[in-house]
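S.K.: Sequence positions in the sequence shown follow my numbering and run 1 to 605. Using N, Cα and C, we set each Cβ at its ideal position, and we do this for glycine too. It should be emphasised that the depicted structure is a prediction, and the values quoted were computed from it without experimental measurement.
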Amino acid sequence: MHDAVNKLNKLLSAKQKRQALAAFGLMVLAAAFEFSSVTLFLPFVAILARPSIIHSNPYLSFLKAITGVQSATDFSILLGLITVLVIWTSMVVRAFNVYTINRFCFSVLHVLTLNMMRLHLARDYTFYLKRNTADLTKTVLIEAEKVVRDVLFPVMRSLLHLVISIFLMALLVLISPVVAVATSIALGVCIWGISLAFRHPTQAAGRELFRSNSERFRQAAEIFGGVKELRLLGRENSYLSRFGAVSLQYANATARSETFASLPIFFVQAVAISAGIGAMLYMVWSYGEMSAALPSIAAFAYGAYRLMPSLQSLASEISVVRYSTPALDAFYADYEAAKRARREDIDSMPQPVALIDGIDVRTLDFRYEGQERTILADITLRINRGERIGIVGSSGSGKSTLADLIVGLLRPTTGQILVDGKRLETIGIRRWQRSLGYVPQVIFLSDDTVRANIAFGVPTDEINQAAVEEAAKQAHLHQFVSHELEAGYDTMVGERGIRLSGGQRQRIGIARALYRKPAILIFDEATSALDNETEAAVMAAIDELRDRLTLITVAHRLSTIEPYDRIYVLDGGRVVGTGTYAFLAQHNSKFQDLLSPRVEAEQAT
Ligand SMILES: Nc1ncnc2c1ncn2[C@@H]1O[C@H](COP(=O)(O)OP(=O)(O)OP(=O)(O)O)[C@@H](O)[C@H]1O
Ligand SMILES: [Mg+2]
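#1: How about His-483: is its Cβ closer than 8 Å to a heavy atom in ligand 1?
#2: For the putative contact between Gly-573 and Ala-377, defined by C-beta atoms under 8 Å, what is the C-beta separation to the nearest angstrom?
#3: For Leu-549, which residues in the same chain have their Cβ closer than 8 Å to its Cβ, ignoring the five residues on either side in sequence?
#4: Please confirm whether any heavy atom of ligand 1 lies closer than 8 Å to the CB of Tyr-332.
#5: Can you give the Cα-Cα distance for Gly-226 and Asp-447, rounded to whole angstroms?
#6: Could you tell me if the beta carbon of Val-538 falls within a distance shorter than 8 Å of some heavy atom in ligand 2?
#7: With burial defined as no fewer than 16 other Cβ atoms inside 10 Å of the residue's Cβ, what is the status of His-669: buried or exposed?
#8: Nearest to Ala-275 by CA position, among Phe-300, Ser-596, Gln-219 and Ala-253, is which residue?
#9: Quick one: what does DSSP say Thr-413 is sitting in, helix, strand or coil?
#10: Where does His-200 land, buried or exposed, given buried means 16+ other C-beta within 10 angstroms?
#11: Considering Cα atoms alone, identify which of Leu-21, Ile-406, Ser-158 and Thr-413 is closest to Ser-319.
#12: Per the DSSP calculation, Lys-422 is bridged to which residue(s)?
#13: Please state whether the Cβ-Cβ distance between Phe-266 and Cys-190 is less than 9 Å.
#14: What does DSSP give as the partner residue(s) for Arg-367 in the beta ladder?
#15: Drop a sphere of 10 angstroms on the beta-carbon of Gly-494, count the other beta-carbons inside from all chains shown, and report buried for 16 or more, exposed for fewer.
#16: Taking only runs that begin and end inside the segment 91-164, name each unbroken alpha helix (DSSP H) of 4 or more residues, in chain order.
#17: Using the three-state DSSP reduction, which class does Leu-549 fall into: helix, strand or coil?
#18: Say the cut is 8 Å; is the CB of Arg-382 nearer than that to a heavy atom of ligand 1?
#19: How far does the alpha helix (DSSP H) with Thr-578 in it reach, from first residue to last?
#20: Could you pull out every unbroken alpha helix (DSSP H) segment of at least 4 residues lying fully inside the segment 175-261, listed in chain order?
#21: Any chance the CB of Gln-441 is under 8 Å from a heavy atom of ligand 2?
#22: Rounded to a whole number of angstroms, what is the C-alpha to C-alpha distance between Gly-370 and Arg-411?
#23: Report buried or exposed for Ala-540, applying the criterion of at least 16 other Cβ atoms within 10 angstroms of its Cβ.
#24: Is Leu-171 closer than 9 Å to Gly-303 when the C-beta atoms are compared?
#25: When every heavy atom of ligand 2 is checked, does at least one fall within less than 8 Å of the C-beta of Val-569?
#26: What span of residues does the alpha helix (DSSP H) with Leu-514 cover, start to end?
#27: Pick helix, strand or coil for Met-27, following the three-state DSSP scheme.
#28: If we require 3 or more residues per run, which beta strand (DSSP E) segments fall completely within the segment 434-461?
#29: Nearest-angstrom Cα distance between Ala-471 and Ala-511?
#30: If we ignore side chains and look at the alpha-carbon of each, how far apart do Leu-584 and Val-361 end up?
#31: Give a single yes or no on whether Glu-372 has its beta carbon closer than 8 Å to a heavy atom of ligand 1.
#32: Straight-line CA distance for Ser-313 to Leu-109?
#33: Under the three-state reduction of DSSP, which class applies to Met-1: helix, strand or coil?
#34: Counting C-beta neighbours from all protein chains within 10 Å, is the total for Asn-97 16 or more, i.e. buried, or is it exposed?
#35: Excluding the 5 residues flanking Thr-534 on each side, which residues of the same chain have their C-beta closer than 6 Å to its C-beta?
#36: Within this structure, are the beta carbons of Met-156 and Ala-20 separated by less than 9 Å?
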């Protein structure tokens with residue numbers, strides 16, 4: 001609990017802490033009303049039991065003097081009315097308090113979730129290479145909600161119940177100090193003992209709950225993401241039984257944790273009733289006769305009765321916090337890590353670099369973080385403005401990695417990438433990226449319209465339709481969209497573009513890159529799914545932009561880059577050849593290897 005409060009304290013902003021303090025203030029007010037309603041009940045019952053008390057009790061005679069009420073009946077009616085009024089006010093205050101606590105907690109949920117998203121988006125791209133996206137979704141949405149529902153809420157409610165308990169206990173002390181102190185000690189020891197006894201199993205259940213829930217999310221994401229392969233391989237049942245197993249573990253862990261959270265309620269009840277009976281017997285014994293003890297007993301019983309729910313909640317909220325700490329720990333760790341790792345200023349929208357003269361890659365080495373294997377070694381290359389550069393090499397030779405480095409998604413381990421002689425960091429990675437059009441090997445399409453996918457991420461009312469169509473024409477897509485899709489540019493493409501062909505998806509990717517009119521276009525196998533004719537048409541359209549466009553193309557199909565100015569041949573992460581197609585075909589053995597199937601295929605026809 002202590003650790004949980006510490007972590008919450010660090011997660012909340014100053015403003016949120018002020019809101020929490022305000023909610024706390026209202027709690028004290030609610031508790032005070034609760035206290036008064038019980039306090040007023042005491043003389044009310046006393047008068048009913050023994051009307052003569054009006055004259056003997058100094059407080060009551062004072063009240064009688066200021067109100068001017070004379071008869072015992074009128075006096076009890078007055079007191080009864082005041083008590084009812086206070087109880088109703090107390091209800092209103094409590095209800096308003098519930099609202100303030102709810103509003104506070106859920107506004108914290110909103111802010112935490114949004115902040116977490118923002119912090120994650122500002123993280124280095126390499127972070128995403130190491131994390132499972134289903135896990136991230138779970139942390140951002142589910143863990144955040146758990147932190148609020150199962151940690152923040154219980155802490156706030158515990159506070160409320162603690163304040164109420166303290167007030168009511170104080171009242172019981174006024175009525176009968178010995179009994180109240182004895183009962184408090186008994187209850188305190190009991191709650192503390194129960195919470196200690198269940199601590200380890202509750203924490204264990206909490207950890208199991210967290211683990212199985214993560215696993216559930218991961219597997220669900222995998223099943224839905226790979227449904228095509230699953231179906232074709234007939235593996236539905238094996239995935240289903242794996243999912244069933246974790247789902248059952250989750251159900252069991254939930255059942256266990258929630259039971260641990262409710263057990264204290266029964267214990268507290270049993271202990272409180274036992275203590276109450278003991279207390280009453282003690283009071284009868286100490287007053288000597290029943291009728292004298294009755295008002296005190298009634299007040300005591302009423303106070304204890306109002307106290308019980310608070311004590312029960314207190315005991316069970318502690319368990320809830322306890323089994324939810326793994327969620328808090330995970331969220332907190334991610335939050336802190338994301339805060340530390342924050343690198344990019346995602347709020348800035350820098351202007352693209354106006355005129356790029358050339359890109360220099362200098363003695364670049366690259367290793368993925370935390371890995372031994374060198375992926376790229378001693379890469380040096382120069383790309384001049386307006387040139388068309390090809391990068392070829394066998395699968396796994398590091399072409400996509402090199403492209404990711406040039407676009408600034410990855411950072412070189414050693415060496416540098418210079419743009420117009422300046423380091424990328426000096427220019428600003430985001431500014432650099434704004435100048436690029438990048439068509440990756442796997443295109444991400446969002447479940448939105450063709451138009452929105454071409455103008456990716458631009459708010460709907462800011463999309464320039466003419467520019468969308470121009471880009472689509474260059475990508476050889478316009479014909480298809482306007483003639484074959486019934487809703488044209490408004491056609492929904494389905495999740496990850498499932499309603500389009502591979503080549504159509506790729507052409508949306510190309511149109512997306514062209515939409516922003518980049519100075520540099522980077523194709524990573526961007527035309528691999530197109531037939532020769534379509535590819536030639538796309539490349540011809542891009543050739544027309546030559547005066548303002550530098551083109552870097554990673555390609556397996558060597559015919560794509562045949563007319564290019566220069567080709568770099570990569571092998572095992574090193575540049576093993578540079579030159580024109582004709583030169584390499586003559587002098588470079590690796591290039592000849594890459595070429596040979598094609599030569600054979602051509603000879604065969
Ligand atoms: N996130 C990663 N973490 C660790 N290693 C990686 C990661 N991504 C790629 N690799 C490794 O880096 C090497 C180069 O991969 P890369 O994707 O650059 O190859 P490629 O030349 O583009 O291949 P292909 O032609 O098949 O697309 C591969 O051996 C791959 O296993
Ligand atoms: Mg690749």
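M.R.: In brief:
#1: Residue 483 sits at position 483 when you count from the first residue of the sequence shown. It does not: the Cβ of His-483 is nowhere closer than 8 Å to a heavy atom of ligand 1.
#2: Taking the sequence shown and counting its residues from 1, the one referred to as residue 573 is at position 573. Taking the sequence shown and counting its residues from 1, the one referred to as residue 377 is at position 377. Confirmed, Cβ separation roughly 5 Å.
#3: On the sequence shown, residue 549 is found 549 positions in, with the first residue counted as 1. Within the same chain, Leu-549 has close Cβ partners Gly-386, Pro-518, Ala-519, Ile-520, Leu-521 and Ile-542.
#4: Here residue 332 corresponds to residue number 332 of the sequence shown, with the count starting at 1. No, ligand 1 has no heavy atom inside 8 Å of this Cβ.
#5: As a working mapping, residue 226 is identified with position 226 in the sequence shown. As a working mapping, residue 447 is identified with position 447 in the sequence shown. In a straight line, the C-alpha of Gly-226 is about 17 Å away from that of Asp-447.
#6: For the purposes of this step, residue 538 is identified with residue 538 of the sequence shown, where counting begins at 1. False, no ligand heavy atom lies under 8 Å from that Cβ.
#7: This structure leaves residue 669 out entirely; the chain is present only between 1 and 605.
#8: In the sequence shown, the residue the question calls residue 275 occupies position 275. Out of Phe-300, Ser-596, Gln-219 and Ala-253, Phe-300 has the C-alpha closest to the C-alpha of Ala-275.
#9: As a first step, residue 413 must be located in the sequence shown, where it is residue number 413. Correct three-state label for Thr-413: coil.
#10: Within the sequence shown, the letter at position 200 stands for residue 200. Counting the other CB atoms within 10 Å of its CB gives His-200 a total below 16, which places it among the exposed residues.
#11: Here residue 319 is taken as the residue at index 319 of the sequence shown, counted from 1. If we check each option's Cα against that of Ser-319, Ser-158 comes out closest.
#12: For the purposes of this step, residue 422 is identified with residue 422 of the sequence shown, where counting begins at 1. For Lys-422, which the question treats as bridged, DSSP gives the partners Val-419.
#13: Taking the sequence shown and counting its residues from 1, the one referred to as residue 266 is at position 266. Taking the sequence shown and counting its residues from 1, the one referred to as residue 190 is at position 190. No.
#14: Counting from 1 along the sequence shown, the entry for residue 367 is found at position 367. Paired residue(s): Thr-374.
#15: Here residue 494 refers to the residue found at position 494 when the sequence shown is read from its first residue. So Gly-494 counts as exposed.
#16: 125-130 and 133-137
#17: In the sequence shown, the residue the question calls residue 549 occupies position 549. In this structure, Leu-549 counts as coil in the three-state DSSP scheme.
#18: As a position in the sequence shown, residue 382 is number 382, starting the count at 1. Not so, every heavy atom of ligand 1 lies at least 8 Å from the Cβ.
#19: For the purposes of this step, residue 578 is taken as the residue at position 578 of the sequence shown. Run containing Thr-578: none in the alpha helix (DSSP H); it sits in the beta strand (DSSP E), 574-579.
#20: For the segment 175-261, the full-length alpha helix (DSSP H) segments reaching 4 residues or more read 177-197, 199-225 and 227-233 along the chain.
#21: Numbered from its first residue, the sequence shown carries residue 441 at position 441. Within the cutoff, so yes.
#22: Numbered from its first residue, the sequence shown carries residue 370 at position 370. Numbered from its first residue, the sequence shown carries residue 411 at position 411. If you take the alpha carbons of Gly-370 and Arg-411, they lie about 14 Å apart.
#23: Position 540 of the sequence shown, counted from the start, is the residue given in the question as residue 540. When all chains shown are included, Ala-540 counts as exposed.
#24: Translated into positions along the sequence shown, residue 303 becomes position 303. Translated into positions along the sequence shown, residue 171 becomes position 171. Contact flag set, yes.
#25: As a first step, residue 569 is located in the sequence shown; it is residue number 569 there, counting from the start. No, ligand 2 has no heavy atom inside 8 Å of this Cβ.
#26: Locating residue 514 in the sequence shown gives position 514, where the first residue counts as 1. Leu-514 -> alpha helix (DSSP H) spans 502-515.
#27: Taking the first residue of the sequence shown as position 1, residue 27 is located at position 27. Met-27: helix per DSSP, three-state reduction.
#28: 436-439
#29: As a working note, residue 471 is residue 471 in the sequence shown. As a working note, residue 511 is residue 511 in the sequence shown. Distance between the alpha carbons of Ala-471 and Ala-511: 5 Å.
#30: The sequence position of residue 584 within the sequence shown is 584, counting from 1. The sequence position of residue 361 within the sequence shown is 361, counting from 1. Their backbone Cα atoms lie some 21 Å apart in a straight line.
#31: Looking up residue 372 in the sequence shown gives position 372. Result no, Cβ not under 8 Å from ligand 1.
#32: Residue mapping note: residue 313 aligns to position 313 of the sequence shown, counting from 1. Residue mapping note: residue 109 aligns to position 109 of the sequence shown, counting from 1. Cα to Cα, Ser-313 sits roughly 22 Å from Leu-109.
#33: Counting from 1 along the sequence shown, the entry for residue 1 is found at position 1. Residue state, collapsed to three classes: coil.
#34: The residue labelled residue 97 in the question sits at position 97 within the sequence shown. Label assigned to Asn-97: buried.
#35: The sequence position of residue 534 within the sequence shown is 534, counting from 1. Once the five neighbours on either side are set aside, the close Cβ partners of Thr-534 are His-476.
#36: Residue 156 sits at position 156 when you count from the first residue of the sequence shown. Residue 20 sits at position 20 when you count from the first residue of the sequence shown. Closer than 9 Å, so yes.
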